[in-house]
Every structure is written in C-alpha cells, then in structure tokens.
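**Student:** So that we are looking at the same thing, I have put the structure below in structure tokens.
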Amino acid sequence: MKKLFIGARGSLGLLTDVTLRLFPLPRLRQNLVISVPDAAEGLRGAKIIRDIYRLCSGLVFAGSPCSLVCTLEGLPEEVDFEASLIADRLSAEGLTGITQSAESSTTDAWCNFLAGTGPETTTFRLGIPFRAVGSVLQETVRLADTECFADLANGLVYLRMPAESASRRPVVEATCSNGGYALMIGGPARRFRPEEMYGYEPDSAALTKALRARWDPRGIMVTG
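Numbering (our numbering), first residue to last: 271 to 494.
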C-alpha cells in the first residue's frame with residue numbers, strides 16, 4: 271500500500287513510484303483535416319479512418335465548425351502512404367474536403383478548445399463507452415448553445431455551454447443513460463465545484479471523497 275503523509279498546512283500527499291520512459295520524436299508528423307457537414311458524417315469518416323489506420327496517434331471531431339482531425343506519425347514514406355490511403359478512401363465515400371497540414375494537430379485542436387473556456391461558461395468532460403460515443407455526440411451537437419469536441423480515440427467528449435444553460439440536464443441524462451460519466455472541469459468561480467460528477471463512479475470514489483473531506487475540506491488540492 272502506498273504511504274500517505276500530511277504536508278505543510280495540512281495538505282495531503284502520497285508517496286509512490288514513477289517510471290519515466292523516453293521516446294524519440296517521430297521523423298514525420300502529418301495532420302489530415304477533413305471538413306464535414308455534421309456530426310453524423312464526422313462519425314462516418316472516423317469509422318472509415320479507424321478501419322484502415324496504422325500510424326494514427328490521434329483522431330478528434332470538432333463541432334464548430336464541423337471537422338475531423340487525424341494525426342499520423344512515423345517514417346516519412348509510411349506516413350505519406352497512409353495519408354494517401356486515407357484520403358483516397360474518404361474521397362471514394364464522398365468525403366472530399368480534405369487538407370494536409372504540418373500544424374493543426376489533434377493536440378492543438380484539443381488545447382484550442384479548452385482555451386476558449388471563459389468566465390461565464392461551464393465545461394464538462396464526458397467519459398463514454400466506445401459503443402455509445404456516436405449517439406451521445408449526435409445528441410449533444412443538436413443543442414443550440416453548446417460547443418463540442420470529441421476525442422474519438424479515447425471515448426471522451428468535451429462540452430462548453432453558458433453557465434446558466436438549460437442544456438446541462440439533457441447532456442447529463444444522455445451520458446448517464448449510456449453508462450458514462452459527466453464531470454465538470456471548468457465554470458464560474460461562484461458555481462464551480464470540481465468534484466461535481468454524474469453517472470459512473472469507480473469503486474474508490476467513496477474513499478477518495480472521505481479523504482478529501484478529512485484532509486482537504488476547502489478543496490485546495492482539487493484540480494478537477
């Protein structure tokens with residue numbers, strides 16, 4: 271069992287082991303940006319890409335404007351071949367708005383979305399089983415005041431909405447009904463509670479909450 275200790279001013283710490291691994295940067299990183307008219311077409315394109323990719327390090331859907339971003343990494347000749355293969359397959363299926371970029375990676379798209387969170391908006395992270403990502407994503411993009419971003423490779427959907435939005439309830443209901451969870455990761459200071467979570471909870475959730483209540487009642491160490 272890992273050791274717990276109490277630090278300065280009553281903060282709670284944990285002694286554990288960390289293993290660091292170093293990996294060389296890929297020789298080539300290429301990004302494919304595919305413009306799509308809506309979430310349904312974006313999911314269709316993502317399925318086509320998943321069926322054939324080998325070098326893909328990220329696959330995301332951005333809802334404003336609707337687009338897919340696929341990042342490929344590896345040897346130059348392998349990346350070029352797979353990029354051409356994906357572009358040809360998508361074009362054959364009617365998805366033709368494809369551009370290649372050395373920038374605009376999936377990580378950049380994710381950072382740009384989170385950077386857009388303002389003082390009067392609420393941001394949720396939804397963890398959804400792979401089988402249900404499509405249905406939850408299509409449900410949320412219909413909400414007029416909600417912006418969405420989906421990490422399709424990891425089954426995570428990020429939503430941003432006005433702080434007082436009525437869209438909050440249908441988002442939580444759609445997520446929980448599909449066996450997922452909704453976690454608030456950003457919001458106005460007057461309402462933001464980082465521990466606010468709906469749906470699935472791990473077995474250790476009760477223990478974690480008890481430790482926080484005992485050693486960090488003011489939520490100083492909670493990062494969301």
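A virtual CB, placed ideally from N, CA and C, is assigned to each residue, including glycine.
Treat the numbers as computed from the prediction; the structure is a model and nothing was measured.
(1) Would you mind working out which of N382, A385 and I455 sits nearest G397, comparing C-alpha positions?
(2) Using DSSP with H/G/I as helix, E/B as strand and the rest coil, what is L329?
(3) Taking the alpha carbon of T336 as the point to measure from, which residue in T286, T445, A402 and L313 has its own alpha carbon closest?
(4) Could you give the DSSP three-state label for I322: helix, strand or coil?
(5) Measuring straight from C-alpha to C-alpha, what distance separates R502 and L453?
(6) Reducing DSSP to helix, strand and coil, say where L407 ends up.
(7) Using DSSP with H/G/I as helix, E/B as strand and the rest coil, what is S334?
(8) Could you give the first and the last residue of the continuous alpha helix (DSSP H) run that contains A483?
(9) Using beta-carbon positions only, say whether A420 and V303 come within less than 8 Å of one another.
(10) Does the Cβ of E500 have 16 or more other Cβ atoms within 10 Å, making it buried, or fewer, making it exposed?
(11) Count the other CB atoms, across all protein chains shown, that sit within 10 Å of the CB of N301; report buried if there are 16 or more and exposed otherwise.
(12) Does the distance from the C-beta atom of V403 to that of V427 stay below 8 Å?
(13) Whether or not the region 430–448 and the region 350–370 are in contact is what I'm after, with contact meaning three or more pairs of Cβ atoms, one per stretch, closer than 8 Å; do they touch?
(14) Look at the alpha carbon of P440 and the alpha carbon of D350, and state the distance between them as a whole number of angstroms.
(15) Which one or two residues does DSSP pair with V303 in a beta bridge?
(16) Tell me whether the region 362–382 and the region 431–439 touch, counting them as touching only if at least three CB pairs, one residue from each stretch, are closer than 8 Å.
(17) Closest to L417 by CA distance: which of L477, S437, R401 and A423 is it?
**Tutor:** By the coordinates alone:
(1) I455
(2) strand
(3) What sits at residue 336 in the sequence shown is Cys, not Thr. Checked all of T286, T445, A402 and L313; the closest Cα to C336 is L313.
(4) helix
(5) Residue 502 is absent from the structure shown; the chain starts at 271 and stops at 494.
(6) Of the three classes helix, strand and coil, the one that applies to L407 here is helix, per DSSP.
(7) coil
(8) A475 to W485
(9) no
(10) Outside the displayed range of the chain (271 to 494) lies residue 500, so it cannot be described from this structure.
(11) Per the 10 Å Cβ criterion, buried.
(12) yes
(13) no
(14) 42 Å
(15) V339 and T369
(16) no
(17) Note on residue identity: the sequence assigns Glu, not Leu, to residue 417. Measuring from the Cα of E417, the nearest candidate turns out to be S437.
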